[in-house]
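So the structure is just underneath, and the comments pick up after that.
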Amino acid sequence: MRHEPTLCQDALTTDPDPLQTSGPFTGRTSCMTEHTSIHVQRADHVGFAVGSLDEALWFWIDGLGARLVRTGEMGGEFLGQVTGAHGAKVRLVV
């Protein structure tokens, strides 16, 4: 049985209009249904956008005991395609 979405909202804002007319995430929505069930067996990677990379590193490494593998920078067409933030450049930590 297919359930129709009961709540759709822009994934990164509290704007009640799910189809924004401008911005990096135009048209991207997050929809919830009444009955949603998923089973995740594993994840290859996840990403977090943070306000302070230094504070995030402190939290993950000093606070949770994570291990720093590498650092780098990313930008270009691929980043724009996967995030919708065309022209953006990011610093990343693995």
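Numbering-wise (the working numbering), the sequence shown opens with residue 1 and increments by one. Where is the CB? At the ideal position from N, CA and C, for every residue including glycine. These numbers come from a predicted model, not from an experiment.
DSSP bridge partner residues for residue i (one or two, in chain order)
i            : result
glutamate 73 : Arg91
Rounded C-alpha distance that separates residue i from residue j
i            : j                : result
arginine 70  : valine 93        : 6 Å
histidine 45 : threonine 36     : 22 Å
threonine 83 : isoleucine 38    : 23 Å
alanine 88   : glycine 75       : 6 Å
alanine 85   : leucine 79       : 7 Å
serine 57    : glycine 47       : Here residue 57 turns out to be leucine, not serine, going by the sequence shown. Cα to Cα, leucine 57 sits roughly 13 Å from glycine 47.
valine 50    : arginine 42      : 23 Å
glutamate 55 : glycine 63       : 10 Å
valine 40    : glycine 65       : 24 Å
threonine 6  : phenylalanine 59 : Confidence at threonine 6 is low in this model, with a pLDDT of 45, below 50, so its placement is unreliable and the value that follows should be read with caution. In a straight line, the C-alpha of threonine 6 is about 36 Å away from that of phenylalanine 59.
Presumed contact (8 Å Cβ cut-off) between residue i and residue j, rounded CB distance
i          : j             : result
leucine 68 : isoleucine 61 : 6 Å
valine 90  : glutamate 73  : 7 Å
Minimum Cβ-Cβ distance from residue i to chain D less than 8 Å
i         : result
serine 52 : Absent here is chain D; the protein component of the structure consists of one chain.
Closer than 7 Å: residue i CB and nearest the ligand PLP heavy atom
i          : result
glycine 63 : Annotation note on the ligand PLP: not contained in the displayed structure, which lists no ligands.
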